[in-house]
Amino acid sequence: MEELAFDPIATTKVAANLLGTAREEITAHHRSVATLNPYCCGQQFADYGRRIQEAITLLHDAVGETLDGFGAMGEQLMAQVDEHIAADNTAAENLRRIDPVV
256 MEELAFDPIA
266 TTKVAANLLG
276 TAREEITAHH
286 RSVATLNPYC
296 CGQQFADYGR
306 RIQEAITLLH
316 DAVGETLDGF
326 GAMGEQLMAQ
336 VDEHIAADNT
346 AAENLRRIDP
356 VV
């Protein structure tokens, strides 16, 4: 079986990049909300315009939830990497107590 390798520096960079990108996208997404004046579709089609606006709002909200999920995933990944690094450092320190050469 091959050895499992974990590069904490590379993983931290990936997690930080994911989290940073997610935060940027979340901010940009919430800054720009698409709107449609129902009467832009014409006086006789204002009801269709309202329904289109409702669909736009639902889509915007769904995308926002997806982006929020990416942000949460990035935060969880950062926390797990930090936990792994701390556990690895603790294990290394314990091994040094047994054999200072390690």
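Take 256 as the starting number for the sequence shown in my numbering and just add one per residue.
C-beta atoms are modelled at their ideal positions from N, C-alpha and C, and glycine is treated no differently.
Restricting to Cα atoms, I'd like to know which of the options is closest to residue i.
i	options	result
Ala-270	His-285, Gln-335, Arg-286	Gln-335
Ile-264	His-339, Ala-301, Leu-350	His-339
Phe-325	Gly-297, Ile-353, Glu-280	Glu-280
When the distance is taken between beta carbons, is residue j closer than 9 Å to residue i?
i	j	result
Val-356	His-315	no
Pro-293	Gly-304	yes
Thr-290	Ile-311	yes
Phe-261	Asp-343	yes
For residue i, is the classification buried or exposed, using 16 other Cβ atoms within 10 angstroms of its Cβ as the cut-off for buried?
i	result
Ala-346	exposed
Gly-329	buried
Ala-327	exposed
Ala-277	buried
Leu-322	buried
Since residue i and residue j should fall inside the 8 Å C-beta cutoff, what is the C-beta to C-beta distance between them, to a whole number of angstroms?
i	j	result
Leu-332	Leu-273	7 Å
Val-318	His-285	Val-318 to His-285, Cβ: 10 Å. No contact.
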